[in-house]
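Chemist:
Protein chains: 2
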Amino acid sequence: MERKVDILVAGGGPAGVISAVTAHKYYLDKKIILMKSVEKGVIPCGIPYMISSLKDPEENKLSTASLEKMDIEVIVDEITKIDRDKKVVITKSEDVYGYEKLILAIGSNPTLPPIPGIDKKGVYPVYKDMDYLKGLVEDIKRCRNVLVLGGGFIGIEFADEIAKVGDAKIYLAEMLPNLLANSFDPEFSELAKKKLEEEEVNILTDTRVEEFIGGERVEKVRLSNGNEIEIGCVVLGIGAFPNVELAQDAGLDAWKGKGIWVDEYMRTTDPDIFAVGDCAIKRDFFTRKGTPVMLASTATAEARIAGSNLYRLQVVRENKGTIGIYSTYVNGLALGSAGLTENRAKKEGFDVVVGNAEAADKHPSTMPNVNKMKVKLLFSRYSGIIMGGQVAGGTSCGELINAIGIAIQKRSALSELETLQMATHPCLTSAPTIYPLVLAAQDAGHKLRWKK
Amino acid sequence: MERKVDILVAGGGPAGVISAVTAHKYYLDKKIILMKSVEKGVIPCGIPYMISSLKDPEENKLSTASLEKMDIEVIVDEITKIDRDKKVVITKSEDVYGYEKLILAIGSNPTLPPIPGIDKKGVYPVYKDMDYLKGLVEDIKRCRNVLVLGGGFIGIEFADEIAKVGDAKIYLAEMLPNLLANSFDPEFSELAKKKLEEEEVNILTDTRVEEFIGGERVEKVRLSNGNEIEIGCVVLGIGAFPNVELAQDAGLDAWKGKGIWVDEYMRTTDPDIFAVGDCAIKRDFFTRKGTPVMLASTATAEARIAGSNLYRLQVVRENKGTIGIYSTYVNGLALGSAGLTENRAKKEGFDVVVGNAEAADKHPSTMPNVNKMKVKLLFSRYSGIIMGGQVAGGTSCGELINAIGIAIQKRSALSELETLQMATHPCLTSAPTIYPLVLAAQDAGHKLRWKK
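Order-wise, the sequence lines are chains A and B.
In short: position in the first sequence from 1, add 681, done, that's the numbering used here.
In short: position in the second sequence from 1, add 681, done, that's the numbering used here.
In structure tokens:
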């Protein structure tokens, strides 16, 4: 079959869906097809919550019903080759699609480290496929000993969710000394660790898995400290690598382990081919170096840029780059991070000053449902520009980190945050007198004035 | 008694306390005295919550214990005269204090409209005095018919709290057609109204009180529609006027109903006298006109500017002016507003474009504790700069409005918010694909492109 289409979007995850939706909004008269490789996709951030918080894993399906209402056609297939000269793609089903504009939102694949036995049954990389994940969920629920490998977001969220169902013995193994080490400084990692330990998750930091042992199915794992533990199921939460082969084969600039090169408007080296989301290279907001941020929220921001700028550059993107901006929730504790951590900033060579503050997240502090809120802010010592922030506390941290994210993206100065106008309310926020975002800025200012 | 002090702060509310604390942080070697007129003050925003949410009204006391730790002396007294030539003040107790710098944080007083019978027992203006308010709380709890007069923040919060204790019949009377009309557009006011009606609060809009009827104590009120209703207690939540007499008597520029004139650094016409909080004039962020914003959060922001700039201008304040930025919580619904409402913007003559979005505040929308979140954003049609935002939903709206507040204070553009990088998490926020802050910006952009 041979067809022609104006805009072809490859990928059915958030990056693909939002590229298509945005393109539709900006270019009403264009025919759009979204091609997805998996019949039933899932909401990526919701995957861990298929274990316990969602009543039925099916609730986490990524629906494309809204696309059909916009006359965006959805096809289950996968591009195997791009012919840039003819401006056509060839698919797994051997169909051919001509395109005016092609958006690659082809994502990433879970990293499979070369550990002996990793292909045994019961060892689960996190593939974004509903039927696969339903199997994973059922298997884990039956399991008496579960190992989660990787102490990043996916790892700790899986451990937290597994702790909520049944009474399996749970191990969380991380090769670094701290959990969440890419996004948080140790004092925040420690809070997450405590929360998991309260749920009786066994945290094994500084620990690698040397071997998955068993027959067809995993029965034990051997750890780097020599111990062997009985394990019936393993969840691999150790990162992902961008899918670049398709782009490389088409002669686009793209590098294994890095991603597909894109300009400020998400255009690849071919101006009619865009790339967005996990498969596209990201540049750090502060250094312009490549940064391996793989988040649905980043992907959708990129998709909105690509979708609007397909035929003419109209939504002007300032050359800002990607800030890592994350939140997570562990056993009742919300954690958020935006921009650089103190560790990362120092490694990059930035001279920074840090401000800290803690306060009750309601006021007075005897109000119902009060939580302790902790805020850390990072400023460039010389310019006073905010470079990062971390928060921990109740659920309101989920939007507080976005307030900090806007401050970072708008390059706010310490003195602006010291005198910020904010809304405060007894049931919703800290008191205005001790609003921790302001107090953390003041703390940093105080250090600038009185110390070296 | 005659004493000399470096920095004298008049007022024990949030403006006074934060002026003193900030001055201490910036000028470590200065002797500071804070003079408060009321022995036991209260946290202003917490006053309605003394009725029900706080177990004991005493929990809402505004403590000055932290000041004493900083060697800031706290005195209960009140300035009756300022002699600017001699740089001394004279107090009610006939003491005399010489000052280098004087900060007036003398607040506001509740408006008492000229309604016959307003001085009857049982009719309560909201004075910020613990002992007075404890009496109010006890009386209201005993009352079978309560009228709250004024449908602003204080009024609706009192009505909501009274509805939570006992089974008194509650009326909320507002002379305008909508509740919260100064801070919200009608579609948001309507949400608050519904929430109060669910608690069986009787909402009387377009309604004035013509007379408080009774003997020594109020027994009935006569409304503007002619009806008389039995009422045992009345809470007056109809605004406040800045205290200016002291400043006027001292020859400073200050106007009744407006406030004490201050420059960008909160200096009055006398460079050694500062004014902050409710007593000081505020200028609107967008128009520079006077604006009657009386909020503890605004007051503390001003206090931080004054406290840091007493002896030399060091925390540079950009000439930004005051944005109204508020949040409230009614029967489980959080509401927030920042900047101009659509009504207000149109009245001021701004040509604006509005974007709206609604989404579940967790994702997928079947996650536990999900709420519908509604966001409205306002942009200047020509410049694309954000001018205001309103939100309604779960408690995370309390910090979401602060994210919008930062976007306003940093004069963010529509295209920046359309492609915002934000953190999203299933348990904490909407999905990245439909994050309503971004979608509201997109909706406004869509209108700009396709409509007039």
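For glycine and all other residues, C-beta sits at the position ideal for the given N, C-alpha and C.
All values derive from a computational prediction rather than experimental measurement.
(1) Quick one, are the C-beta atoms of A:ALA1041 and A:VAL1056 less than 8 angstroms apart?
(2) Return yes when the Cβ of A:GLN1090 is within less than 8 angstroms of the Cβ of B:ILE1004, no when it is not.
(3) Out of A:LYS742, A:ILE787, A:GLU838, A:MET751, which has the shortest C-alpha to C-alpha gap to A:TYR813?
(4) Tell me which residue opens and which closes the beta strand (DSSP E) that B:TYR852 is part of.
(5) May I ask you to list the residues that DSSP assigns as paired with B:ARG948?
(6) Can you list the beta strand (DSSP E) stretches of 3 or more residues lying completely in the stretch 890–972 of chain A, in chain order?
(7) Is A:SER1077 close to chain B, meaning its C-beta is less than 8 angstroms from at least one C-beta of that chain?
(8) Taking B:ALA987 as the reference, which of B:VAL943, B:LYS767, B:ASN1012 has the closest Cα?
(9) Which bits of chain A does B:ASN659 rub up against, with CB to CB less than 8 angstroms?
(10) What are the boundary residues of the alpha helix (DSSP H) that A:PHE839 is part of?
(11) Could one say the Cβ of B:LYS1091 lies closer than 8 angstroms to chain A's Cβ atoms, at least one of them?
(12) Which same chain residues end up closer than 6 angstroms to A:ARG765 when comparing Cβ atoms and leaving out the 5 residues on each side of it in sequence?
(13) Which of the residues in the stretch 1100–1116 of chain B, read from start to end, lie with their CB under 7 angstroms from any CB of chain A?
(14) Using a Cβ-Cβ cut-off of 7 angstroms (strictly less than) and excluding sequence neighbours within five positions of B:GLU879, which residues of its own chain qualify?
(15) CA-CA distance, B:VAL690 and B:LEU783?
(16) What is the DSSP secondary structure of A:ARG825, counted as helix, strand or coil?
(17) Tell me which residue opens and which closes the alpha helix (DSSP H) that A:TYR1116 is part of.
(18) The alpha helix (DSSP H) spanning A:THR1076 covers which residue range?
(19) For B:MET1048, which residues from the same chain have a beta carbon less than 7 angstroms from its beta carbon, with the 5 sequence-adjacent residues on both sides left out?
(20) Alpha helix (DSSP H) containing A:GLY988: first to last residue?
(21) What residue from B:PRO729, B:ILE714, B:ASP737 has the CA that sits closest to B:THR745's CA?
(22) Here's the rule I'm using: 16 or more other beta-carbon atoms within 10 Å means buried, otherwise exposed. How should A:TYR1063 be labelled?
(23) Establish whether the CB of A:ASN1012 and some CB of chain B are separated by less than 8 angstroms.
(24) Taking any Cβ of chain A, which residues in the stretch 705–726 of chain B have a Cβ under 9 angstroms from it, in chain order?
(25) Three or more beta-carbon pairs under 8 angstroms between the stretch 1105–1124 of chain A and the stretch 960–980 of chain B, yes or no?
(26) Would you mind giving the Cβ-Cβ distance between A:TYR1007 and A:PHE834, rounded to the nearest angstrom? I have them listed as a contact below 8 angstroms.
(27) Beta-carbon within less than 6 angstroms of B:LYS963's beta-carbon, same chain only, minus the 5 sequence neighbours each way: which residues are those?
(28) Label B:MET751 either buried or exposed according to how many other C-beta atoms from any shown protein chain fall within 10 Å of its C-beta, with 16 as the threshold for buried.
(29) Residues in its own chain within less than 7 angstroms of A:ASP1124 by CB, not counting five upstream and five downstream?
(30) Nearest chain A C-beta to B:TYR946 closer than 8 angstroms, yes or no?
(31) Only counting the same chain, and skipping five residues up and downstream in sequence, which positions put a Cβ closer than 8 angstroms to that of B:GLU1023?
(32) Taking Cβ positions, are B:CYS960 and B:GLY722 nearer each other than 8 angstroms?
(33) Using a Cβ cut-off of 8 angstroms, pull out every chain B residue sitting near A:THR1003, in sequence order please.
(34) Please tell me whether B:LYS815 and B:PRO923 are closer than 8 angstroms, where the distance is taken between their beta carbons.
(35) Using 10 angstroms around the beta-carbon of B:PRO794, count the other beta-carbons present and answer buried if the total reaches 16, otherwise exposed.
(36) Leaving out the 5 sequence neighbours to the left and right, which residues in its chain are closer than 6 angstroms to A:LYS874 when beta-carbon positions are compared?
Modeler: Based on what the coordinates show:
(1) Start at 1 with the first residue of the first sequence, and residue 1041 of chain A comes out as number 360. Start at 1 with the first residue of the first sequence, and residue 1056 of chain A comes out as number 375. Going by C-beta atoms, A:ALA1041 is not nearer than 8 angstroms to A:VAL1056.
(2) The sequence position of residue 1004 of chain B within the second sequence is 323, counting from 1. The sequence position of residue 1090 of chain A within the first sequence is 409, counting from 1. Contact flag unset, no.
(3) On the first sequence, residue 813 of chain A is found 132 positions in, with the first residue counted as 1. Answer by Cα proximity: A:LYS742.
(4) Reading the second sequence from its first residue, position 171 is the one you call residue 852 of chain B. First-last of the beta strand (DSSP E) with B:TYR852: 850–854.
(5) The count along the second sequence starts at 1 and reaches residue 948 of chain B at position 267. Beta-bridge pairing links B:ARG948 to B:PHE955.
(6) 890–895, 899–904, 909–911, 914–917, 921–923, 954–956
(7) Numbered from 1 along the first sequence, position 396 holds the residue referred to as residue 1077 of chain A. By this cut-off, A:SER1077 is an interface position.
(8) Here residue 987 of chain B refers to the residue found at position 306 of the second sequence. Closest option to B:ALA987, Cα to Cα, is B:VAL943.
(9) Because chain B in this structure spans residues 682 to 1133, residue 659 of chain B falls outside the shown range and cannot be described.
(10) To locate residue 839 of chain A, count along the first sequence from 1; it is residue 158. Its alpha helix (DSSP H) spans residues 834–845.
(11) Locating residue 1091 of chain B in the second sequence gives position 410, counting from the first residue. Taking Cβ atoms only, chain A reaches closer than 8 angstroms to B:LYS1091, which makes this a yes.
(12) For this step, residue 765 of chain A is matched to residue 84 along the first sequence. Counting only Cβ-Cβ distances below 6 angstroms, and skipping sequence neighbours, we find ALA931, ASP951.
(13) THR1100, LEU1101, GLN1102, MET1103, ALA1104, THR1105, HIS1106, PRO1107, CYS1108, LEU1109, THR1110, ALA1112, PRO1113, THR1114
(14) Counted from its first residue, the second sequence places residue 879 of chain B at position 198. Leaving aside the five residues that flank B:GLU879 on each side, the residues in its chain whose CB is nearer than 7 angstroms to its CB run, in chain order, ASN1012.
(15) In the second sequence, residue 690 of chain B corresponds to position 9, counting from 1. In the second sequence, residue 783 of chain B corresponds to position 102, counting from 1. One C-alpha to the other measures close to 6 angstroms.
(16) The residue labelled residue 825 of chain A in the question sits at position 144 within the first sequence. DSSP places A:ARG825 in the coil class of the three-state scheme, outside both helix and strand.
(17) The residue labelled residue 1116 of chain A in the question sits at position 435 within the first sequence. Premise fails: A:TYR1116 is in no alpha helix (DSSP H) and is neither H nor E.
(18) Locating residue 1076 of chain A in the first sequence gives position 395, where the first residue counts as 1. Taken as a continuous stretch (DSSP letters only), A:THR1076 belongs to no alpha helix (DSSP H), as it is neither H nor E.
(19) Walking along the second sequence from the start, residue 1048 of chain B turns up at place 367. These residues qualify, in order along the chain: PRO1107, CYS1108.
(20) In the first sequence, the residue the question calls residue 988 of chain A occupies position 307. Taken as a continuous stretch (DSSP letters only), the alpha helix (DSSP H) holding A:GLY988 covers 977–989.
(21) Taking the second sequence and counting its residues from 1, the one referred to as residue 745 of chain B is at position 64. Comparing Cα positions, the closest option is B:ILE714.
(22) As a first step, residue 1063 of chain A must be located in the first sequence, where it is residue number 382. So A:TYR1063 ends up on the exposed side.
(23) To locate residue 1012 of chain A, count along the first sequence from 1; it is residue 331. With 8 angstroms as the cut-off, A:ASN1012 does not count as an interface residue toward chain B.
(24) LYS706, TYR707, LEU709, ILE724, CYS726
(25) The answer is yes - the stretch 960–980 of chain B touches the stretch 1105–1124 of chain A, with three or more Cβ pairs under 8 angstroms.
(26) Taking the first residue of the first sequence as 1, we reach residue 1007 of chain A at position 326. Taking the first residue of the first sequence as 1, we reach residue 834 of chain A at position 153. Rounded, the Cβ-Cβ distance is 7 angstroms, consistent with contact.
(27) Numbered from its first residue, the second sequence carries residue 963 of chain B at position 282. THR972, VAL974, THR1003.
(28) In the second sequence, the residue the question calls residue 751 of chain B occupies position 70. B:MET751 should be labelled exposed.
(29) For this step, residue 1124 of chain A is matched to residue 443 along the first sequence. Scanning its chain for C-beta atoms nearer than 7 angstroms, with the 5 sequence neighbours on each side dropped, one finds around A:ASP1124 the residues GLY1036, ASN1037, ALA1038, in chain order.
(30) As a position in the second sequence, residue 946 of chain B is number 265, starting the count at 1. Residue contact check for B:TYR946 against chain A: no CB pair falls below 8 angstroms.
(31) For the purposes of this step, residue 1023 of chain B is taken as residue 342 along the second sequence, with counting starting at 1. Result list for B:GLU1023: ASP866, VAL1033, VAL1035, LYS1057, LEU1059, GLY1069, in chain order.
(32) Taking the first residue of the second sequence as 1, we reach residue 960 of chain B at position 279. Taking the first residue of the second sequence as 1, we reach residue 722 of chain B at position 41. It is not a contact, given that the beta carbons lie outside the stated cut-off.
(33) The residue you call residue 1003 of chain A lines up with position 322 of the first sequence. In chain order: GLN1102.
(34) Reading the second sequence from its first residue, position 134 is the one you call residue 815 of chain B. Reading the second sequence from its first residue, position 242 is the one you call residue 923 of chain B. No, these two residues do not count as a Cβ contact at 8 angstroms.
(35) Taking the second sequence and counting its residues from 1, one reaches residue 794 of chain B at position 113. Flag for B:PRO794 reads exposed.
(36) Locating residue 874 of chain A in the first sequence gives position 193, counting from the first residue. Excluding positions up to five away in sequence, the list reads LEU860, ILE884.
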